[in-house]
Amino acid sequence: EAQVTQNPRYLITVTGKKLTVTCSQNMNHEYMSWYRQDPGLGLRQIYYSMNVEVTDKGDVPEGYKVSRKEKRNFPLILESPSPNQTSLYFCASSLGRGAGGPRGVQYFGPGTRLTVL
Amino acid sequence: LAKTTQPISMDSYEGQEVNITCSHNNIATNDYITWYQQFPSQGPRFIIQGYKTKVTNEVASLFIPADRKSSTLSLPRVSLSDTAVYYCLVPFMGSQGNLIFGKGTKLSVKP
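Put into structure tokens, the structure is as follows:
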């Protein structure tokens, strides 16, 4: 089944404790992206990747890191989490450029609910 | 900046047709308009995409006028299960990958 998976689905942690949220897709997609969703703010892009070893900042990259060493994986790293990073996180992938025609249709993962105490 | 503007919320009743309009005044020449649906605590899912005029699939229609500065998602005969947030997405003008979703339209369907 074609899908985007994220792990963990739920995570409660404490301030300053490094964590990684994994994202994997099995559709051989080039474009991958991370979003966070907060009440009243909609979906905001954190980082995106056009292909392996190519990453760039979205709207809200502060406090996050990403890497794209393999085409299928795009982990989100929080080196020193803070309470303002408590949020619902989504990973997404598409064949090509985001929203650029049929190749840009994004497939989203199920989400990771992160709480930083 | 390809920013989209949508109504914050809409109410409807079962069986009615719902039209949600999105404005995107700065859309680039080659960009498509894509609509997504999101249920609470789930990831958005693709509904429909178009470039110009009208596109129809099994769940919705998308109307895009000639100037492409807006688009209208049409949901025929909605049911309670159509209660969700609907996002209109246009690529960030000038960038290859940066996307701005906006806040979406929360549709509430009542019996």
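Chains as they are written, first to last, in the numbering used here: chain A, 5 to 121; chain B, 10 to 120. Using N, Cα and C, we set each Cβ at its ideal position, and we do this for glycine too.
Which chain B residues are close to residue i, counting only those with a beta carbon under 7 Å from its beta carbon?
{"i": "glutamine 29 of chain A", "result": "Those do not exist, as glutamine 29 of chain A stays about 12 Å from chain B at its closest Cβ, beyond 7 Å."}
{"i": "glutamine 89 of chain A", "result": "Correct list: empty, because the minimum Cβ distance to chain B is about 18 Å."}
Can you check whether the C-beta of residue i is within less than 9 Å of a C-beta belonging to chain A?
{"i": "glycine 103 of chain B", "result": "Legend: pLDDT at glycine 103 of chain B = 49, less than 50; position of this residue unreliable, no value from coordinates given."}
{"i": "phenylalanine 55 of chain B", "result": "yes"}
{"i": "serine 117 of chain B", "result": "no"}
{"i": "tyrosine 96 of chain B", "result": "yes"}
{"i": "proline 100 of chain B", "result": "yes"}
{"i": "threonine 62 of chain B", "result": "no"}
{"i": "tyrosine 22 of chain B", "result": "no"}
Taking DSSP as the reference, what is the three-state secondary structure of residue i?
{"i": "leucine 89 of chain B", "result": "helix"}
{"i": "glycine 108 of chain A", "result": "helix"}
{"i": "asparagine 88 of chain A", "result": "helix"}
{"i": "alanine 96 of chain A", "result": "strand"}
{"i": "glutamine 10 of chain A", "result": "strand"}
{"i": "leucine 23 of chain A", "result": "strand"}
{"i": "glutamine 123 of chain B", "result": "A question about residue 123 of chain B goes unanswered here, because the residues of chain B that appear run from 10 up to 120."}
{"i": "lysine 73 of chain A", "result": "coil"}
{"i": "phenylalanine 55 of chain B", "result": "strand"}
{"i": "proline 100 of chain B", "result": "strand"}
{"i": "leucine 45 of chain A", "result": "coil"}
{"i": "threonine 65 of chain B", "result": "strand"}
{"i": "tyrosine 41 of chain B", "result": "coil"}
Could you compute how far the alpha carbon of residue i sits from the alpha carbon of residue j?
{"i": "threonine 116 of chain A", "j": "methionine 36 of chain A", "result": "16 Å"}
{"i": "glycine 103 of chain B", "j": "histidine 33 of chain B", "result": "Caution applies to glycine 103 of chain B, whose pLDDT of 49 falls short of 50 and renders its modelled position unreliable; the value that the coordinates give is listed next. Distance between the alpha carbons of glycine 103 of chain B and histidine 33 of chain B is about 14 Å."}
{"i": "alanine 11 of chain B", "j": "isoleucine 109 of chain B", "result": "Here alanine 11 of chain B scores only 48 on pLDDT, less than 50, and its place in the model should not be relied on; the value that follows carries that caveat. Answer to the nearest angstrom: the Cα atoms are 8 Å apart."}
{"i": "tyrosine 39 of chain A", "j": "glycine 24 of chain B", "result": "34 Å"}
{"i": "arginine 107 of chain A", "j": "leucine 116 of chain B", "result": "27 Å"}
{"i": "glycine 67 of chain A", "j": "glutamine 29 of chain A", "result": "24 Å"}
{"i": "threonine 43 of chain B", "j": "leucine 121 of chain A", "result": "37 Å"}
{"i": "phenylalanine 55 of chain B", "j": "glutamine 110 of chain A", "result": "7 Å"}
{"i": "glutamate 34 of chain A", "j": "phenylalanine 78 of chain A", "result": "11 Å"}
{"i": "serine 83 of chain B", "j": "proline 114 of chain A", "result": "26 Å"}
List, in order along the chain, the chain B residues whose C-beta lies closer than 8 Å to that of residue i?
{"i": "aspartate 63 of chain A", "result": "Asn107 and Ile109"}
{"i": "leucine 45 of chain A", "result": "Lys112"}
{"i": "phenylalanine 78 of chain A", "result": "Ordered by position in chain B, no residue passes the 8 Å Cβ test against phenylalanine 78 of chain A, which lies about 13 Å from the chain."}
{"i": "proline 114 of chain A", "result": "Gln51 and Gly52"}
Is the shortest distance between the beta-carbon of residue i and the beta-carbons of chain E less than 9 Å?
{"i": "valine 70 of chain A", "result": "Annotation note: the requested chain E is absent from the structure, which comprises protein chains A and B."}
Could you tell me whether any Cβ in chain B is nearer than 9 Å to the Cβ of residue i?
{"i": "glycine 20 of chain A", "result": "no"}
{"i": "leucine 99 of chain A", "result": "no"}
{"i": "glycine 67 of chain A", "result": "no"}
{"i": "valine 8 of chain A", "result": "yes"}
{"i": "leucine 15 of chain A", "result": "no"}
{"i": "arginine 117 of chain A", "result": "yes"}
How would you list, in chain order, the residues of chain A whose beta-carbon sits under 9 Å from the beta-carbon of residue i?
{"i": "glutamine 58 of chain B", "result": "Ala103, Gly105, Pro106, Gly108 and Val109"}
{"i": "threonine 30 of chain B", "result": "The contacting residues do not exist; threonine 30 of chain B stays about 17 Å from chain A at best."}
Who are the neighbours of residue i on chain A, taking C-beta pairs under 8 Å?
{"i": "threonine 13 of chain B", "result": "Simply none; closest approach about 10 Å."}
{"i": "threonine 65 of chain B", "result": "Within 8 Å Cβ-Cβ: nothing; threonine 65 of chain B doesn't reach chain A, min ~16 Å."}
Who are the neighbours of residue i on chain A, taking C-beta pairs under 7 Å?
{"i": "aspartate 38 of chain B", "result": "The question names aspartate, but residue 38 of chain B is threonine in the sequence shown. Within 7 Å Cβ-Cβ: nothing; threonine 38 of chain B doesn't reach chain A, min ~12 Å."}
### Query
Is the stretch 9–26 of chain A in contact with the stretch 81–90 of chain A, if contact means three or more CB pairs nearer than 8 Å?
yes
### Task
Examine the Cβ distances between the stretch 63–75 of chain B and the stretch 85–100 of chain A and report whether three or more of them are shorter than 8 Å.
no
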